[in-house]
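One structure is given below, encoded as structure tokens.
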Amino acid sequence: MKPDTRMSHQERILGLLVKIESDLSADLSLQTLARQARFSPYHCHRIFRALVGEPVKEYVRRLRLERAAHELAFSARPIIQIAFDAGYKTHESFTRAFRAGFGTLPSHYREARKPPSASSSAITSNAVAEYLPRAAELFKPTAAPRQGRVERLRRLRVAFIRHVGPYEAVTPVFNRLGEWVGERQQGTDLMWIGVPHDNPQLTPADKLRFDCCVMVTGDIAPEGDIGLREIGGDLYATTTHYGAFEGLVETYGWLGGHFMPSAGLIPRPAPAIEIYLTNPETTVPDQLLTDILLPVEDSARQRRSSSVNDGLH
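Each number in the numbering used here corresponds to the 1-based position in the sequence shown with 1179 added.
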């Protein structure tokens, strides 16, 4: 394959990945996706499988099933509704697929991962703030207790490279992206952002998806496997992780399993966001600062939607 042809294919398939992940409930048939990417269905199937490692149908089925597992663990939605959203027409077919994928029944999975009951939590404020890392936060003591916040992340335009594989192997990808952005956006400090799409407890390590991101401004165009997209623009439960990246999983567990239930926050189906407030190249591990953002529903928007729906009946 010619380099220009491969680069064009990478750009188009990357666009399909973003479309699939932005709305897993949409029509994601091979025919629909092929039309968007300007491929024939045959070529779309062949190229998608070569670049992603899975056929379109299997990729979509796996993501929907993993999303269903996430909702079982962190929401109170009825199992049958979760099954329908995952593309299954009956409770029985969903149960069979779920047991084949995760080795247990959906109801047992939910019960085993039921979050703790509401208790006292380090909620600093229920007010919604515009999220922007502040320089003063770089000097918080590493021994500070965990504190949760509810903040609105402003919409950010980022260049990104999709890494598929163990999360621990993203450093070379960030380095390549930083060089690429630095050549096109000189004279500005880079804002480094990570977008982990998968739960390592659900997704095999070789299929974990992680977007290495850098915020960009100005006229920058995508190139090959380096794409452009917008992230944020909505509400997130947020906390700051102090220390090495190896401890992120514990902070994620506190934020999603303790703070959010205690604050009555409902998870929103979207990936988490990590904003790196310190440079790991120049900061010792135990002094690293990372803001973790988990997407939550906007209660005000829910109330407006409910009012509109009530008026239609």
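Ideal Cβ placement from N, Cα and C applies to all residues, glycine included.
Going straight from the alpha carbon of residue i to that of residue j, what length do you get?
i, j, result
"Met1370", "Thr1462", "15 Å"
"Gln1326", "Leu1434", "9 Å"
"Glu1233", "Pro1474", "27 Å"
"Arg1240", "Ile1445", "24 Å"
"Glu1271", "Ala1262", "9 Å"
"Thr1417", "Leu1332", "10 Å"
"Thr1350", "Thr1269", "43 Å"
"Glu1330", "Gly1411", "11 Å"
"Ala1255", "Ala1423", "33 Å"
"Glu1362", "Pro1459", "21 Å"
"Pro1464", "Pro1379", "22 Å"
Please classify residue i as buried or exposed, where buried requires at least 16 neighbouring CB atoms within 10 angstroms.
i, result
"Gln1466", "exposed"
"Asp1404", "buried"
"Asp1470", "buried"
"Thr1396", "exposed"
"Ala1252", "buried"
"Gln1496", "In the structure displayed, the chain extends from 1180 to 1492; residue 1496 sits before or after that span and is not available."
"Tyr1221", "exposed"
"Ala1265", "buried"
"Arg1328", "buried"
"Asp1206", "exposed"
"Asp1385", "exposed"
"Gln1260", "exposed"
Please state the DSSP three-state secondary structure of residue i.
i, result
"Tyr1431", "helix"
"Thr1367", "coil"
"Tyr1267", "coil"
"Ile1399", "coil"
"Phe1389", "strand"
"Gly1373", "strand"
"Gly1436", "helix"
"Ile1410", "strand"
"Ile1199", "helix"
What residues in its chain sit with their C-beta under 6 Å from that of residue i, if we drop five residues either side in the sequence?
i, result
"Ile1258", "Pro1285"
"His1376", "Arg1388, Pro1450"
"Glu1347", "none"
Taking 8 Å as the limit between beta carbons, can you name the residues of its chain near residue i, skipping five residues before and five after?
i, result
"Arg1336", "Met1394, Val1395, Thr1396, Leu1407, Arg1408, Glu1409"
"Gln1215", "Gly1194, Leu1195, Lys1198"
"Ile1399", "Ala1338, Val1360, Arg1363, Gln1364, Leu1407"
Near residue i, which residues of its chain fall below 7 Å by C-beta distance, leaving aside the five closest residues on each side in sequence?
i, result
"His1224", "Leu1209, Pro1234, Val1235"
"Phe1281", "Ala1248, Tyr1288"
"Arg1278", "Leu1284"
Taking 8 Å as the CB-CB limit, is residue i close to chain D?
i, result
"Gln1210", "The displayed structure is made up of one protein chain only, and chain D is not part of it."
- Message: Across the segment 1432-1447 and the segment 1221-1233, are there enough close Cβ pairs to call them in contact, namely three or more that are closer than 8 Å?
- Response: Output reads no: the segment 1221-1233 does not touch the segment 1432-1447.
- Pair every Cβ in the segment 1418-1436 with every Cβ in the segment 1352-1365, then say whether three or more of these pairs are closer than 8 Å. As far as the Cβ criterion goes, the segment 1418-1436 does not touch the segment 1352-1365, which means the pair count is below three.
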